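Quick notes on the structure that follows.
In this note's numbering, the protein residues as written are 151 to 266.
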(Lines of atoms letter the chains of each structure in order from A and count residues from 1; the text may use other names and numbers.)
(Lines give C-alpha, C1' and ligand atoms only; values in the text may rest on other atoms or scores of the structure.)
Protein backbone atom coordinates (compact mmCIF):
# COMPACT_ATOMS: atom_id res chain seq x y z
CA UNK A 1 0.00 0.00 0.00
CA UNK A 2 0.98 3.61 -0.37
CA UNK A 3 2.40 5.60 2.51
CA UNK A 4 0.57 8.79 3.13
CA UNK A 5 2.85 11.82 2.97
CA UNK A 6 1.08 14.49 4.91
CA UNK A 7 2.05 17.80 6.33
CA UNK A 8 3.07 16.27 9.64
CA UNK A 9 5.25 13.38 8.56
CA UNK A 10 8.17 12.70 10.92
CA UNK A 11 11.07 14.58 9.31
CA UNK A 12 9.14 17.67 8.30
CA UNK A 13 7.52 18.03 11.71
CA UNK A 14 10.86 17.57 13.53
CA UNK A 15 12.44 20.21 11.30
CA UNK A 16 9.70 22.74 12.02
CA UNK A 17 9.98 22.12 15.79
CA UNK A 18 13.78 22.50 15.62
CA UNK A 19 13.52 25.81 13.75
CA UNK A 20 10.94 27.13 16.25
CA UNK A 21 13.15 26.17 19.21
CA UNK A 22 16.20 27.84 17.62
CA UNK A 23 14.23 31.02 16.92
CA UNK A 24 12.98 31.03 20.51
CA UNK A 25 16.53 30.72 21.87
CA UNK A 26 17.88 33.45 19.57
CA UNK A 27 15.11 35.93 20.37
CA UNK A 28 15.33 35.24 24.11
CA UNK A 29 18.97 36.38 24.02
CA UNK A 30 18.11 39.63 22.25
CA UNK A 31 16.68 42.49 24.28
CA UNK A 32 14.49 44.85 22.34
CA UNK A 33 11.05 46.32 22.54
CA UNK A 34 8.79 47.41 19.75
CA UNK A 35 6.15 50.01 20.60
CA UNK A 36 3.43 49.91 17.96
CA UNK A 37 1.03 52.26 19.74
CA UNK A 38 0.13 55.44 17.84
CA UNK A 39 1.18 57.73 20.69
CA UNK A 40 4.31 55.70 21.61
CA UNK A 41 3.01 55.35 25.16
CA UNK A 42 5.39 52.52 26.05
CA UNK A 43 8.54 54.24 24.76
CA UNK A 44 10.92 56.42 26.71
CA UNK A 45 11.37 60.01 25.55
CA UNK A 46 14.71 60.86 23.92
CA UNK A 47 15.58 63.22 26.76
CA UNK A 48 14.95 60.47 29.32
CA UNK A 49 17.09 58.03 27.34
CA UNK A 50 19.92 60.58 27.08
CA UNK A 51 19.76 61.33 30.82
CA UNK A 52 19.81 57.65 31.78
CA UNK A 53 22.67 56.84 29.41
CA UNK A 54 24.64 59.79 30.82
CA UNK A 55 23.91 58.55 34.34
CA UNK A 56 25.34 55.15 33.42
CA UNK A 57 28.80 56.70 32.99
CA UNK A 58 28.77 58.63 36.27
CA UNK A 59 29.55 57.53 39.78
CA UNK A 60 26.32 58.85 41.27
CA UNK A 61 23.46 56.51 42.04
CA UNK A 62 19.71 57.00 41.89
CA UNK A 63 17.75 55.24 44.64
CA UNK A 64 13.97 55.06 44.65
CA UNK A 65 11.53 53.76 47.24
CA UNK A 66 8.05 53.12 45.93
CA UNK A 67 5.38 52.67 48.58
CA UNK A 68 3.14 50.36 46.55
CA UNK A 69 3.60 46.90 48.00
CA UNK A 70 1.31 44.57 49.87
CA UNK A 71 -2.31 43.55 49.42
CA UNK A 72 -3.46 46.05 46.78
CA UNK A 73 -6.72 46.30 44.80
CA UNK A 74 -6.49 45.05 41.21
CA UNK A 75 -6.40 48.51 39.61
CA UNK A 76 -3.63 49.67 41.96
CA UNK A 77 -1.73 46.41 41.35
CA UNK A 78 -1.88 47.14 37.62
CA UNK A 79 -0.50 50.63 38.28
CA UNK A 80 2.27 49.15 40.43
CA UNK A 81 3.20 46.68 37.67
CA UNK A 82 3.30 49.49 35.08
CA UNK A 83 5.66 51.46 37.34
CA UNK A 84 7.89 48.41 37.76
CA UNK A 85 8.02 47.87 33.98
CA UNK A 86 9.03 51.50 33.46
CA UNK A 87 11.70 51.23 36.17
CA UNK A 88 13.09 48.12 34.46
CA UNK A 89 13.38 50.16 31.27
CA UNK A 90 15.21 52.86 33.23
CA UNK A 91 17.56 50.29 34.74
CA UNK A 92 18.35 48.75 31.36
CA UNK A 93 19.65 52.15 30.20
CA UNK A 94 21.27 53.32 33.44
CA UNK A 95 22.75 49.98 34.46
CA UNK A 96 23.56 49.49 38.13
CA UNK A 97 23.35 53.23 38.77
CA UNK A 98 19.63 53.06 39.43
CA UNK A 99 18.14 51.09 42.29
CA UNK A 100 14.53 50.73 43.27
CA UNK A 101 12.63 49.00 46.01
CA UNK A 102 8.92 48.45 46.54
CA UNK A 103 7.96 48.96 50.18
CA UNK A 104 4.80 47.99 52.02
CA UNK A 105 3.83 51.07 54.06
CA UNK A 106 1.72 48.92 56.42
CA UNK A 107 4.66 46.88 57.67
CA UNK A 108 7.19 47.94 60.25
CA UNK A 109 7.17 49.85 63.49
CA UNK A 110 4.46 52.35 64.43
CA UNK A 111 6.96 55.22 64.22
CA UNK A 112 7.83 54.23 60.64
CA UNK A 113 4.14 54.08 59.69
CA UNK A 114 3.70 57.68 60.82
CA UNK A 115 6.48 58.77 58.45
CA UNK A 116 4.59 57.41 55.46
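Glycine is no exception: its CB is placed at the ideal position from the N, C-alpha and C atoms. It should be emphasised that the depicted structure is a prediction, and the values quoted were computed from it without experimental measurement.
Can you list, in chain order, the residues of its chain with a C-beta nearer than 8 Å to that of residue 242? Leave out the 5 residues immediately preceding and following it.
Position 92 of the chain shown, counted from the start, is the residue given in the question as residue 242. Cβ neighbours of residue 242 within its own chain (closer than 8 Å, five residues either side excluded): 181.
Any idea if residue 163 is buried or exposed, counting beta-carbon neighbours within 10 angstroms, 16 or more meaning buried?
The count along the chain shown starts at 1 and reaches residue 163 at position 13. Around the CB of residue 163, fewer than 16 other CB atoms lie within 10 Å, so the residue is classed as exposed.
Taking the Cβ atom as the reference point for each residue, do residue 212 and residue 248 lie within a distance shorter than 8 Å?
Along the chain shown, read from residue 1 onward, the residue named residue 212 stands at position 62. Along the chain shown, read from residue 1 onward, the residue named residue 248 stands at position 98. Result yes, Cβ atoms of residue 212 and residue 248 sit closer than 8 Å.
Once DSSP output is grouped into helix, strand and coil, what is the label at residue 186?
The residue labelled residue 186 in the question sits at position 36 within the chain shown. Three-state result, residue 186: coil.
What did DSSP end up calling residue 251 once you bin it into helix, strand or coil?
As a working mapping, residue 251 is identified with position 101 in the chain shown. Strand at residue 251.
So, are the CB atoms of residue 252 and residue 202 less than 8 Å apart?
Taking the chain shown and counting its residues from 1, one reaches residue 252 at position 102. Taking the chain shown and counting its residues from 1, one reaches residue 202 at position 52. No, Cβ-Cβ distance for residue 252 and residue 202 is not below 8 Å.
Length of the line joining the Cα atoms of residue 234 and residue 191
Taking the first residue of the chain shown as 1, we reach residue 234 at position 84. Taking the first residue of the chain shown as 1, we reach residue 191 at position 41. Cα to Cα, the separation comes out at about 15 Å.
Assign residue 140 to one of three DSSP states: helix, strand, or coil.
The structure shown does not extend to residue 140, since the chain is modelled only from 151 to 266, so the question has no answer here.
Across which residues does DSSP place residue 216 in a beta bridge pair?
Position 66 of the chain shown, counting from 1, holds the residue named residue 216. According to DSSP, which records beta bridges pairwise, residue 216 is partnered with 252.
State the DSSP-derived secondary structure class of residue 193, mapped to helix, strand or coil.
The residue you call residue 193 lines up with position 43 of the chain shown. Of the three classes helix, strand and coil, the one that applies to residue 193 here is coil, per DSSP.
Beta carbon of residue 220 nearer than 8 Å to that of residue 254
One-based indexing of the chain shown puts residue 220 at position 70. One-based indexing of the chain shown puts residue 254 at position 104. Closer than 8 Å, so yes.
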